[in-house]
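Each residue of the sequence shown is one higher than the last, beginning at 1 in full-length UniProt numbering. Here the structure comes first, spelled out in structure tokens, and everything after it is commentary.
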Amino acid sequence: MASSSGTTRVYPKGLYDVRKTPIQSRSMNHSCFLENLQPFKEAVGEDVWAELRELAVGVIVKLKEMEYIWSAEAVHYFLANQLAIKSMYEIWSLIDCMPLRFSLYEFEEIMGLNCDAFDQHDVWDVDHREFWLEMEVPTSEGPTLKYLQALLVKFRNCSREKRVWSLGLLHIGIFDIGSNSRIPLHCAKRVMDTAAFQRYPWGRLDLASLFSPLKWSHFN
Numbered sequence: 001m002a003s004s005s006g007t008t009r010v011y012p013k014g015l016y017d018v019r020k021t022p023i024q025s026r027s028m029n030h031s032c033f034l035e036n037l038q039p040f041k042e043a044v045g046e047d048v049w050a051e052l053r054e055l056a057v058g059v060i061v062k063l064k065e066m067e068y069i070w071s072a073e074a075v076h077y078f079l080a081n082q083l084a085i086k087s088m089y090e091i092w093s094l095i096d097c098m099p100l101r102f103s104l105y106e107f108e109e110i111m112g113l114n115c116d117a118f119d120q121h122d123v124w125d126v127d128h129r130e131f132w133l134e135m136e137v138p139t140s141e142g143p144t145l146k147y148l149q150a151l152l153v154k155f156r157n158c159s160r161e162k163r164v165w166s167l168g169l170l171h172i173g174i175f176d177i178g179s180n181s182r183i184p185l186h187c188a189k190r191v192m193d194t195a196a197f198q199r200y201p202w203g204r205l206d207l208a209s210l211f212s213p214l215k216w217s218h219f220n
């Protein structure tokens, strides 16, 4: 392919073969429903909801309040024209012969989440067993969204259990997983330590959760 300077640029092949791109309804993550946050908002009350807005993942609350709408057609077009790039944190697409990138840097700029590298020296742990036993969750696993939703009545208007509501934000807005899937325990227990929760690079984890089903299933 010739560039404006007359030189030929060779790009990686497309991720999908011509006429074999996945259809729109099957190529995107459909587990991130911000409307699932509404029962949490009604259960916690305005004061706690305002506190959740200031968390490191509070942008999820803000997006919910904005009634954010995105164009599935435009996003699908970008994804369908992906180049086969084996990078966990970036996607390249070829649109009208022009390579376009969406990476960790653009994601951080848009979302405002912490996208720093994982700190391998951040040795941290907390005794989490009592908390999970109180919630009637196995101490070796994180909770599912369905279970968190069932706790809404038990902890209604209970500011002490902001930890439960923080788990809801993680499940819906960061991991973007199905309602029967569990938050990884090593991440879930960070809700019990405010400092550990706030410094964690949730943005990097969020983007990896977003990109993984779009890329690695194809390579595998």
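Even glycine gets a Cβ: it sits at the ideal position worked out from N, Cα and C.
request  = Identify, in the order they occur along the chain, each residue of the same chain with its Cβ nearer than 6 Å to the Cβ of TRP132, setting aside the five sequence neighbours on each side.
outcome  = Here residue 132 corresponds to residue number 132 of the sequence shown, with the count starting at 1. Hits under 6 Å: THR139.
task = Classify PHE219 as helix, strand or coil using the three-state DSSP reduction.
result = In the sequence shown, the residue the question calls residue 219 occupies position 219. Because PHE219 carries a pLDDT of 45, less than 50, the predicted location of this residue cannot be relied on, and the following value inherits that uncertainty. Of the three classes helix, strand and coil, the one that applies to PHE219 here is helix, per DSSP.
Between the CA atoms of LYS86 and MET1 - distance to the nearest angstrom = If you number the sequence shown from 1, residue 1 lands on position 1. If you number the sequence shown from 1, residue 86 lands on position 86. With a pLDDT of only 49 at MET1, under 50, the local geometry of the prediction cannot be trusted, and no value is derived from it.
query = Counting Cβ pairs, one atom from each stretch, are 3 or more of them under 8 Å apart for the segment 183-198 and the segment 74-83?
reply = As far as the Cβ criterion goes, the segment 183-198 does not touch the segment 74-83, which means the pair count is below three.
inquiry  = Whole angstroms are fine: how far does the CA of LEU170 sit from the CA of ALA117?
reply    = The residue labelled residue 117 in the question sits at position 117 within the sequence shown. The residue labelled residue 170 in the question sits at position 170 within the sequence shown. Going from the Cα of ALA117 to the Cα of LEU170 covers about 19 Å.
ask   = Anyone know if the C-beta pair for ALA208 and ASN114 falls short of 8 Å?
value = Here residue 208 refers to the residue found at position 208 of the sequence shown. Here residue 114 refers to the residue found at position 114 of the sequence shown. No, these two residues do not count as a Cβ contact at 8 Å.
task = Count the other CB atoms, across all protein chains shown, that sit within 10 Å of the CB of HIS128; report buried if there are 16 or more and exposed otherwise.
result = Working through the sequence shown from its first residue, we reach residue 128 at position 128. When all chains shown are included, HIS128 counts as buried.
query = Mind checking whether GLU35 and LYS162 have CB atoms under 8 Å apart?
reply = In the sequence shown, counting from the first residue as 1, residue 35 sits at position 35. In the sequence shown, counting from the first residue as 1, residue 162 sits at position 162. Not closer than 8 Å, so no.
task = Answer with buried or exposed for THR144, where buried requires no fewer than 16 other C-beta atoms within 10 angstroms of its C-beta.
result = As a position in the sequence shown, residue 144 is number 144, starting the count at 1. With 16 or more Cβ atoms within 10 Å of its Cβ, THR144 is classed as buried.
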